[in-house]
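The numbering used here puts the first residue of the sequence shown at 225, with every later residue one more than the last. Note that beta-carbon positions come from the ideal geometry of N, C-alpha and C, so glycine has one too. Bear in mind the structure is a predicted one, so any value in this text is a computation, not a measurement. Shown next, in structure tokens, is the structure this report addresses.
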Amino acid sequence: MTSSDDAVKTILRNKLLGRWAAEKLGLRGGEAEAYSEALARGEGDPEHSDVFSKIRKDFDAAGVDESDARILNVMTELMLKAGSLLPTARGDATDAAAVTLARKLMAP
């Protein structure tokens with residue numbers, strides 16, 4: 225896997241993670257999608273963005289009861305899922321769209 229693939233995998237993981245976190249935060253529709261997109265973009269540098277701290281801060285502010293260990297576990301699970309989606313985009317249409325988005329975000 226190239227470093228570009230690693231970056232795409234991280235963006236896709238962050239997108240999926242954003243969906244999970246948005247659901248926990250009670251966000252729906254456009255708000256949930258905007259939250260997920262913001263995590264995917266990682267403020268311009270998804271590989272060095274601290275999505276854990278962002279989610280922890282947002283959960284604390286909203287009173288969402290999730291442990292650090294659970295958040296980190298979900299991050300790991302979703303990184304594995306992102307890796308399995310990357311080579312073939314065999315996931316559902318939403319996951320394929322997330323892979324496409326991740327690649328577009330990486331384009332110069």
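Beta carbon of residue i nearer than 8 Å to that of residue j
i	j	result
A306	L263	no
L310	V232	yes
R280	D292	yes
Residue i: CB within 7 Å of a non-hydrogen atom of the ligand ADP
i	result
N297	Among the components modelled here there is no ligand, and therefore nothing to report on the ligand ADP.
Residue of the options minimising C-alpha distance to residue i
i	options	result
T234	A258, D274 and G253	D274
Cα-Cα separation, residue i to residue j
i	j	result
P332	K248	Reliability fails at P332, whose pLDDT of 48 lies under 50, so the model's placement of it is uncertain and no value is given.
D229	D282	28 Å
F276	G253	22 Å
G266	K278	10 Å
E301	I295	10 Å
Neighbourhood of residue i by C-beta, 8 Å cutoff - its chain only, sequence neighbours within 5 removed
i	result
Y259	G242, A245, A246, L249 and L251
V298	L241 and W244
Residues near residue i by beta carbon distance below 7 Å, same chain, minus five either side
i	result
A286	L249
Spatial neighbours of residue i in its chain, beta-carbon cut-off 6 Å, leaving aside the 5 residues before and after
i	result
A256	A246
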